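Just remember that my numbering sits 655 ahead of the position in the sequence shown, which is counted from 1.
For every residue, glycine included, the Cβ atom is placed at its ideal position computed from N, Cα and C.
Being a predicted model, the structure only gives us computed values, none of them experimental.
A quick write-up on the structure given underneath.
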Amino acid sequence: MSTPLAEVPNSYAIVLPPGWIRVSLTGTTTTAVKDLADRIFQRIPRDEALDARRNIETQLTGMIQKAKSGNGLDLYVPVEQMHGRTIAASFIVGGVMLPDEIDGLESLALLGDLARDGKPVEVDGELGVRAERTEEADAAYKVDVASRRVDYAFPVPGDGRRWLVVTFSTPGAGRADDQVADALVQLFDAMMTTFRWRR
């Protein structure tokens with residue numbers, strides 16, 4: 656039996672901590688990078704932070720290109736300092752389309768490493784998987800340090816072919832396994848408890 660279209664979600668909501676913003680990845684990379692850099696440097700005179708801005712724009716370009724290549728829909732980043740420190744963290748919401756006529760176990764198998772290394776998790780009433788690992792630096796995307804990565808993957812209600820994947824990443828305070836990384840992972844997990852589908 657098919658699910659009525661009115662019951663299939665067409666968007667979602669996540670409660671964000673103060674200072675975090677959402678950036679759509681459906682437009683151009685240049686626009687997204689400029690919007691983000693403007694927000695990050697909004698309280699600093701432009702001529703006082705040119706080098707820092709260029710560095711941030713280079714990192715953002717790599718991050719956004721990687722997100723878009725992985726079917727990213729939205730990017731979330733903190734744009735305000737916390738306790739006088741810039742927070743190095745982000746998460747991406749993206750979609751995965753699976754083949755027709757496969758059951759739940761086959762769906763998980765198609766998610767590869769995520770399913771193999773992950774643990775069951777419930778997100779807004781849907782059973783999915785959560786996986787955590789360390790990801791090495793990736794010069795191809797201008798990412799020059801290792802990062803802590805957490806992935807959530809779960810099906811779109813009423814449409815077993817479509818899954819949402821939410822990927823969090825942080826280098827911590829310089830090491831992917833330091834206390835800052837631990838705290839930011841806990842913050843991301845807390846954000847994911849607020850995830851809700853919208854119809």
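### Query
DSSP on residue 688, reduced to helix/strand/coil?
For the purposes of this step, residue 688 is taken as the residue at position 33 of the sequence shown. Three-state result, residue 688: helix.
### Message
Suppose only complete runs of 4+ residues qualify. What are the alpha helix (DSSP H) ranges in the region 813-841, listed by chain order?
### Response
none
### Message
Just to confirm my understanding: we take residue 772, look at its own chain, exclude 5 residues before and 5 after, and list those with CB closer than 7 Å. What are they?
### Response
Within the sequence shown, the letter at position 117 stands for residue 772. Only 786 and 788 meet the Cβ criterion.
#### Entry: Between the CA atoms of residue 846 and residue 671 - distance to the nearest angstrom
Working through the sequence shown from its first residue, we reach residue 671 at position 16. Working through the sequence shown from its first residue, we reach residue 846 at position 191. Computed Cα separation, rounded: 7 Å.
### Query
Leaving out five residues before and five after residue 800 in sequence, what residues of the same chain have Cβ atoms less than 6 Å from its Cβ?
Walking along the sequence shown from the start, residue 800 turns up at place 145. These residues qualify, in order along the chain: 792 and 826.
### Task
Have a look at 690, 823 and 664 and flag the residue whose alpha-carbon is nearest the alpha-carbon of residue 745.
Start at 1 with the first residue of the sequence shown, and residue 745 comes out as number 90. It is 823 whose Cα lies nearest to the Cα of residue 745.
### Task
Pick out whichever of 752, 710, 740 and 735 has its Cα sitting closest to the Cα of residue 727.
Stepping through the sequence shown from its first residue, residue 727 is reached at position 72. With distances taken between Cα atoms, residue 727 lies closest to 752.
### Query
Can you pull the DSSP bridge partners for residue 745?
Residue numbering aside, residue 745 sits at position 90 when the sequence shown is read from its first letter. For residue 745, which the question treats as bridged, DSSP gives the partners 824.
### Query
Which one or two residues does DSSP pair with residue 727 in a beta bridge?
As a first step, residue 727 is located in the sequence shown; it is residue number 72 there, counting from the start. Looking at the DSSP assignment, residue 727 forms a beta bridge with 749.
### Message
What residue range does the beta strand (DSSP E) around residue 782 cover?
### Response
Against the sequence shown, residue 782 aligns to sequence position 127. Where residue 782 is concerned, the enclosing beta strand (DSSP E) stretches over 781-790.
### Message
For a test of the three-state rule: what should DSSP assign to residue 843, helix, strand or coil?
### Response
Mapped onto the sequence shown, residue 843 falls at position 188. Of the three classes helix, strand and coil, the one that applies to residue 843 here is helix, per DSSP.
### Query
Can you check whether the CB of residue 687 is closer than 8 Å to the CB of residue 711?
Walking along the sequence shown from the start, residue 711 turns up at place 56. Walking along the sequence shown from the start, residue 687 turns up at place 32. Result no, Cβ atoms of residue 711 and residue 687 do not sit closer than 8 Å.
### Task
Identify the continuous beta strand (DSSP E) that holds residue 811 and give its terminal residues.
Reading the sequence shown from its first residue, position 156 is the one you call residue 811. First-last of the beta strand (DSSP E) with residue 811: 802-811.
### Task
Below 6 Å CB to CB, which residues in the same chain sit around residue 733 once its five sequence neighbours on both sides are set aside?
For this step, residue 733 is matched to residue 78 along the sequence shown. Counting only Cβ-Cβ distances below 6 Å, and skipping sequence neighbours, we find 674, 675 and 742.
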